[in-house]
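Novice: Going by my numbering, the first residue of the sequence shown is number 513, and it counts up by one from there.
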Amino acid sequence: MSDLREHIWATPLVDTHEHQGKEHEYLQTPKDVLVELFDNYVTADLVVAGASPDAVRQLLDASDPDVRARFEGVEQAWEACQYTGYGEAVRLIARLAYGMEQVTADALEQAQREHSKPREAGERLRILREHGNIDHVQVDDFCWQCLPDDSGPEFFLYDISWAGFCQGDVHPESIWQETGIEVKDIGSLRQAMEAIFEKYGRCAIAVKAQHAYTRTLKWIPREDSDAEAVLQKALRGEALTQEEKLCLGDWCWARGAELAAQYHLPFKIHTGYYAGWGRMPVHYIPAGNLWELLATYPQTRFVLMHIAYPYNDELVALAKRYPNVWVDMCWAWSIDPYSAGDFFRRFLHAAPINKLFVFGGDTRLPWAAVAYATQARQGLYRSLQAEVKEKNLTEREAKAIATRVMRQNQYECFDIEGRRANILHIMRHEGR
Ligand SMILES: [Zn+2]
Numbered sequence: 513m514s515d516l517r518e519h520i521w522a523t524p525l526v527d528t529h530e531h532q533g534k535e536h537e538y539l540q541t542p543k544d545v546l547v548e549l550f551d552n553y554v555t556a557d558l559v560v561a562g563a564s565p566d567a568v569r570q571l572l573d574a575s576d577p578d579v580r581a582r583f584e585g586v587e588q589a590w591e592a593c594q595y596t597g598y599g600e601a602v603r604l605i606a607r608l609a610y611g612m613e614q615v616t617a618d619a620l621e622q623a624q625r626e627h628s629k630p631r632e633a634g635e636r637l638r639i640l641r642e643h644g645n646i647d648h649v650q651v652d653d654f655c656w657q658c659l660p661d662d663s664g665p666e667f668f669l670y671d672i673s674w675a676g677f678c679q680g681d682v683h684p685e686s687i688w689q690e691t692g693i694e695v696k697d698i699g700s701l702r703q704a705m706e707a708i709f710e711k712y713g714r715c716a717i718a719v720k721a722q723h724a725y726t727r728t729l730k731w732i733p734r735e736d737s738d739a740e741a742v743l744q745k746a747l748r749g750e751a752l753t754q755e756e757k758l759c760l761g762d763w764c765w766a767r768g769a770e771l772a773a774q775y776h777l778p779f780k781i782h783t784g785y786y787a788g789w790g791r792m793p794v795h796y797i798p799a800g801n802l803w804e805l806l807a808t809y810p811q812t813r814f815v816l817m818h819i820a821y822p823y824n825d826e827l828v829a830l831a832k833r834y835p836n837v838w839v840d841m842c843w844a845w846s847i848d849p850y851s852a853g854d855f856f857r858r859f860l861h862a863a864p865i866n867k868l869f870v871f872g873g874d875t876r877l878p879w880a881a882v883a884y885a886t887q888a889r890q891g892l893y894r895s896l897q898a899e900v901k902e903k904n905l906t907e908r909e910a911k912a913i914a915t916r917v918m919r920q921n922q923y924e925c926f927d928i929e930g931r932r933a934n935i936l937h938i939m940r941h942e943g944r
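Structure follows, in structure tokens:
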């Protein structure tokens with residue numbers, strides 16, 4: 513193995529974005545070879561290749577013991593998408609978790625027979641750490657709550673989800689349950705947001721929003737009085753127009769950006785391509801829509817995710833322009849491995865390399881995260897190797913860059929050690 517390759521495989525990788533379920537959820541996930549291999553982004557490619565959504569549902573239905581029939585329902589589609597980034601990840605899971613060289617009905621039946629042992633406590637952490645050589649993961653589990661995770665308190669760090677607020681969805685009942693504050697106007701809404709950060713800001717690793725799925729990323733500053741009028745309408749139970757939701761959403765998003773800076777939490781934003789298949793309003797998703805937000809909140813660290821695929825170049829330009837922008841290649845190596853490699857090399861020669869994170873898996877199950885981490889390591893190796901070959905870099909420089917994008921930049925941007933200390937302190941003194 514070359515030195516560079518060995519270095520990339522031996523360096524513990526920071527995983528800045530996952531949706532891994534909690535330990536108890538993982539333990540309830542059926543132990544089923546088809547779930548393990550296919551319950552990830554590849555289902556979208558299967559449907560686009562021609563599998564029916566019903567066949568995909570059956571494929572993932574672990575209550576049906578007929579592994580062969582379930583696989584055969586999507587086999588043709590699988591043959592067409594096994595070479596995509598998502599397909600490659602399926603083949604990696606097959607190889608790494610089951611030692612399976614080819615994904616066939618026979619091999620799947622055999623794997624199901626041989627791997628019937630129930631899931632064990634601690635297995636989730638062990639797979640990620642030992643098989644993925646992952647330093648820690650940052651999890652978005654779609655909620656405000658960020659508490660110490662006793663199945664790996666220094667390993668599983670959590671994001672405060674701000675997606676609902678950015679969409680302009682204000683739910684007085686859940687806010688009251690969480691904070692004891694009754695939202696009556698924009699002032700009490702602001703207090704409630706402060707209370708959420710007060711409660712979870714010390715343990716959280718970041719703030720996260722993926723509202724690009726439901727609205728444009730274009731942000732404009734909003735007056736308190738305009739947001740107040742919309743909020744009062746919402747509190748009266750009246751339906752909001754799309755423009756009104758954008759107004760309240762922008763207002764809430766801005767408060768999140770301010771609080772994130774105050775609590776030293778980077779604000780992560782989904783940009784670019786969607787999970788799933790079908791509907792994707794392409795004007796919502798380019799990262800360039802964010803320019804006014806980035807310019808208005810220079811004290812907030814913004815982490816722009818997924819290379820804004822397919823608006824990759826625009827994101828390089830933003831990273832080159834704004835001191836408060838970091839770029840996260842999470843999920844990109846699996847969406848489109850060649851574009852990701854190309855993006856990495858363009859970024860290296862256009863923007864400061866201390867602003868790039870090379871990996872987040874964006875998965876729910878640990879073996880999928882290991883496969884996606886493998887794709888990121890392979891992609892990083894291919895890109896840096898090409899740079900060395902073209903004599904743009906020495907191998908020594910390439911290794912230093914690998915360390916930077918795999919972990920050093922993340923440790924510089926996020927308060928990882930500080931948050932771990934807070935979590936351990938809370939566990940010790942508050943008995944959580
Ligand atoms: Zn995600």
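Heads up, the beta-carbon is just placed ideally off N, CA and C, and yes, glycines get one too.
Could you pull out every residue in the same chain whose Cβ sits closer than 7 angstroms to the Cβ of T596, ignoring the five residues on either side in sequence?
Specialist: Walking along the sequence shown from the start, residue 596 turns up at place 84. Answer for T596: D557, listed in chain order.
Novice: Within its chain, find whatever has a CB closer than 6 angstroms to the CB of L701; leave out the 5 residues flanking it on each side and keep chain order.
Specialist: Along the sequence shown, one-based indexing puts residue 701 at 189. Excluding sequence neighbours, L701 sits near V695.
Novice: Where does V545 fall in DSSP's three states?
Specialist: Taking the first residue of the sequence shown as position 1, residue 545 is located at position 33. It is helical.
Novice: Quickly, what does DSSP pair D671 with across the bridge? List them, please.
Specialist: Within the sequence shown, numbered from 1, the residue matching residue 671 stands at position 159. Paired residues: A718.
Novice: So does D874 have its beta carbon nearer than 6 angstroms to some heavy atom of ligand 1?
Specialist: As a position in the sequence shown, residue 874 is number 362, starting the count at 1. Correct: D874 has its Cβ closer than 6 angstroms to ligand 1.
Novice: With respect to the alpha helix (DSSP H) encompassing T808, which residues constitute its N-terminal and C-terminal limits?
Specialist: Position 296 of the sequence shown, counting from 1, holds the residue named residue 808. Start and end: W803 to T808.
Novice: With distances taken Cα to Cα, identify the nearest neighbour of A933 among E626, E548, F667 and A633.
Specialist: As a working mapping, residue 933 is identified with position 421 in the sequence shown. Among E626, E548, F667 and A633, the Cα nearest to that of A933 belongs to F667.
Novice: Give me the DSSP bridge partner(s) of M817.
Specialist: Position 305 of the sequence shown, counted from the first residue, corresponds to residue 817. Partner(s): H782 and D840.
Novice: Please classify E756 as buried or exposed, where buried requires at least 16 neighbouring CB atoms within 10 angstroms.
Specialist: As a position in the sequence shown, residue 756 is number 244, starting the count at 1. E756 is buried by the Cβ-count criterion.
Novice: When the distance is taken between beta carbons, is V651 closer than 7 angstroms to E518?
Specialist: Locating residue 518 in the sequence shown gives position 6, counting from the first residue. Locating residue 651 in the sequence shown gives position 139, counting from the first residue. No. Outside cutoff.
Novice: Can you give, in chain order, each stretch of the beta strand (DSSP E) that sits fully within the stretch 644 to 717 and has at least 3 residues?
Specialist: DSSP runs (the beta strand (DSSP E)) wholly in the stretch 644 to 717: 646 to 651 and 668 to 673.
Novice: Evaluate P660 with the Cβ neighbour count: other Cβ atoms within 10 Å of its Cβ, from every protein chain shown; 16 or more gives buried, anything less gives exposed.
Specialist: Here residue 660 refers to the residue found at position 148 when the sequence shown is read from its first residue. Burial call: buried.
Novice: When burial is assigned at 16 or more other CB atoms within 10 Å of the CB, is H776 buried or exposed?
Specialist: Here residue 776 refers to the residue found at position 264 when the sequence shown is read from its first residue. H776 should be labelled exposed.
Novice: Mapping DSSP to helix, strand and coil, what is T523?
Specialist: By one-based count along the sequence shown, residue 523 stands at place 11. T523: coil per DSSP, three-state reduction.
Novice: Terminal residues of the continuous alpha helix (DSSP H) containing W879?
Specialist: Taking the sequence shown and counting its residues from 1, one reaches residue 879 at position 367. Unbroken alpha helix (DSSP H) run through W879: P878 to K901.
Novice: Taking just the CA atoms, how far does R636 sit from P630?
Specialist: Your numbering for residue 630 matches position 118 in the sequence shown. Your numbering for residue 636 matches position 124 in the sequence shown. Taking the straight line from one Cα to the other gives about 13 angstroms.
Novice: State buried or exposed for T886, treating a residue as buried only when at least 16 other CB atoms are found within 10 Å of its CB.
Specialist: Sequence index remark: in the sequence shown, residue 886 carries index 374 (1-based). Buried is the label assigned to T886, since at least 16 other Cβ atoms lie within 10 Å of its Cβ.
Novice: Measure the beta-carbon distance from R857 to E826 and round it to whole angstroms, keeping in mind my assumption that it falls under 8 angstroms.
Specialist: Here the question's residue 857 lines up with position 345 in the sequence shown. Here the question's residue 826 lines up with position 314 in the sequence shown. The Cβ separation is near 17 angstroms, so there is no contact.
Novice: Here's a check: name, in chain order, each residue in its chain whose Cβ is nearer than 6 angstroms to the Cβ of G946, leaving out the five neighbours to either side.
Specialist: A query on residue 946 cannot be resolved here, the shown segment of the chain reaching from 513 to 944 and no further.
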